[in-house]
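Here's the structure we're looking at; comments come further down.
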Ligand SMILES: Cc1ncc(COP(=O)(O)O)c(C=O)c1O
């Protein structure tokens with residue numbers, strides 16, 4: 010068995026990462042979208058729901074993916090700075106994961122929640138990776154296939170354990186689309202039913218402090234507000250079953266809390282005997298430069314939700330890891346048909362072993378530092394860039410009309426996305442005001458590819474500034 014603190018078995022060589030992608034990239038045969046992509050997008054429009062989202066902003070029909078690159082049906086090759094919304098930490102089509110998946114597929118695909126070799130192997134592996142005492146005390150529960158299922162399980166488990174109903178979530182949060190997950194998601198535009206049992210607290214979004222304070226003098230007043238709300242019988246908030254937090258908010262605009270905030274959150278929740286759920290669905294598996302983002306502050310949550318990169322190369326799977334003392338469930342209390350996708354488990358295990366072998370979190374940390382410093386240098390000559398932030402390869406660039414007023418500029422973010430796409434780089438946009446350009450590339454991206462993509466991004470910001478400065482602006486369509 011591997012030791013708990015895994016020693017990487019291979020030196021992290023740039024060549025190793027360079028060999029994982031389509032070459033050359035980006036490489037566009039002509040204008041994008043090309044003719045075949047247009048055909049498929051048109052047909053999709055006839056067949057699929059109006060809720061379809063990504064192809065509206067990045068009009069591409071993808072044919073194949075390798076590492077941090079994708080090829081469309083017209084043969085155009087793109088650098089992928091989106092990574093399937095943070096799923097593809099080991100990149101598209103990692104050979105080791107494909108092999109593990111193919112071998113498992115030959116043996117067994119579906120098994121409800123019976124014990125199997127891939128499932129036990131994955132749980133063993135996850136347990137040795139977890140922070141702090143969870144290494145000894147963790148129990149796992151596999152949910153249905155998406156991250157939202159893990160959130161549902163976490164809410165239900167903490168409610169069962171505490172016998173309480175209320176939950177505290179954060180402004181700017183995104184936890185998914187199923188009813189429970191939506192109830193703790195703050196974006197009213199997504200149609201979440203306002204649930205009287207969920208209360209939203211301010212997140213430490215220091216660039217736009219919801220309390221109007223400055224980070225160097227605020228003394229973490231937002232954490233204090235949570236503390237007093239839990240203490241004060243007149244706060245209007247009943248003692249909650251859980252506090253659920255993203256250790257870095259993803260869809261909310263890549264918002265990194267200041268050092269020590271999560272430690273304070275852990276202190277407060279322990280003091281008030283409220284389970285802390287860390288949603289690591291987007292931040293997990295090396296994304297932020299550590300295997301789990303909560304490790305940056307050295308905290309041990311009671312529950313960790315996992316999905317996205319858990320299935321390795323995009324197989325759908327989710328699970329919660331939690332302290333065994335919370336295991337209040339009776340047999341069969343949280344069931345489901347697809348809670349044991351063996352191929353996803355085998356691929357996920359192979360992907361995690363690869364992450365450990367090449368020390369992928371450290372690669373993400375190093376490259377993240379590099380990109381942040383390049384973007385911060387470029388920011389000086391890009392007036393629309395209000396803030397550059399991130400950790401590891403989870404990076405956000407907040408676009409504003411004026412750096413002093415910080416008026417959000419969502420049209421600029423959309424235009425930059427379009428300019429990037431035209432030049433062969435796929436990015437996405439998020440944030441409270443849809444004004445944050447986001448990088449979530451596969452962590453296996455090479456330094457060379459990352460630098461090329463970042464250069465194109467900066468060029469795209471200049472092009473977008475020019476485009477929106479013209480009187481007949483709005484060239485995104
Ligand atoms: C932090 C976080 N939690 C939960 C989810 C929901 O996951 P899924 O879309 O797989 O249901 C997401 C998806 O982006 C997420 O970023």
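In this note's numbering, the protein residues as written are 10 to 486. From the three backbone atoms N, C-alpha and C, an ideal C-beta is built for every residue, glycine too.
Taking 6 Å as the cut-off, one finds at least one heavy atom of ligand 1 near enough to the beta carbon of residue 290.
The closest CA to that of residue 185, considering only 67, 156, 70 and 261, is found on 156. Excluding residues up to 5 positions away in sequence, 86 lie with their Cβ nearer than 8 Å to the Cβ of residue 33 in the same chain. The three-state secondary structure of residue 269, taken from DSSP, is coil.
Taking non-hydrogen atoms of ligand 1 into account, the C-beta of residue 157 is found less than 6 Å away from one of them. For residue 473, the enclosing alpha helix (DSSP H) covers residues 456 to 478. By a beta-carbon distance limit of 8 Å, residue 422 contacts residue 438. Their separation comes to about 5 Å. DSSP, read as helix, strand or coil, puts residue 194 in coil. By DSSP's assignment, residue 101 forms a beta bridge with 76.
Sequence-distant Cβ neighbours of residue 336 in its own chain, meaning closer than 6 Å and more than five residues away, are 148.
About 19 Å separates the Cβ atoms of residue 347 and residue 318, ruling out a contact at the 8 Å cut-off.
DSSP lists 178 as the bridge partner or partners of residue 209. From the listed residues 248, 88 and 255, the smallest Cα separation to residue 263 is found for 255. Taking each of 380, 371 and 350 in turn and checking the Cα distance to residue 125, the smallest one comes out for 350. For residue 159, the secondary structure class from DSSP, reduced to helix, strand or coil, is helix. DSSP places residue 420 in the helix class (H, G or I) of the three-state scheme. In the DSSP assignment, the residues bridged to residue 150 are 329.
By the Cβ criterion, the stretch 245 to 261 is in contact with the stretch 170 to 180, since at least three pairs of Cβ atoms, one from each stretch, lie closer than 8 Å. Within the DSSP bridge table, the entry for residue 407 names 396 and 445 as partners. Residue environment for residue 309: buried (at least 16 other C-beta atoms within 10 angstroms of its C-beta). The beta carbons of residue 46 and residue 89 sit no closer together than 7 Å. Note on residue 339: under 16 other CB atoms within 10 angstroms of its CB, so exposed under the neighbour-count rule.
Here the C-alpha atom of residue 472 lies approximately 12 Å from the C-alpha atom of residue 393. Checking the 6 Å criterion, the Cβ of residue 240 is out of range of every heavy atom belonging to ligand 1. Around the C-beta of residue 113, 16 or more other C-beta atoms lie within 10 Å, and the residue is accordingly described as buried. When the five nearest sequence neighbours on each side are left out, the beta carbons in the same chain lying within less than 7 Å of the beta carbon of residue 352 are those of 110, 113, 114, 118 and 324, in order along the chain.
Residue 136 and residue 316 have their C-alpha atoms spaced approximately 15 Å apart. According to the DSSP assignment, residue 231 belongs to the alpha helix (DSSP H) that extends over 230 to 240.
In this structure, the C-beta of residue 316 approaches ligand 1 to less than 6 Å from one of its heavy atoms.
Residue 420 has its alpha-carbon roughly 42 Å from the corresponding atom of residue 243. Beta-bridge partners assigned by DSSP to residue 81: 71. Under the three-pair Cβ rule at 8 Å, the stretch 24 to 42 counts as touching the stretch 67 to 75. CA-CA distance, residue 49 to residue 64, rounds to 11 Å. Secondary structure at residue 222: coil, using DSSP grouped into helix, strand and coil. For a cut-off of 8 Å, the C-beta gap from residue 261 to residue 189 is around 19 Å, too long to register as a contact. Taken atom to atom, the span from the alpha-carbon of residue 428 to that of residue 445 is near 15 Å.
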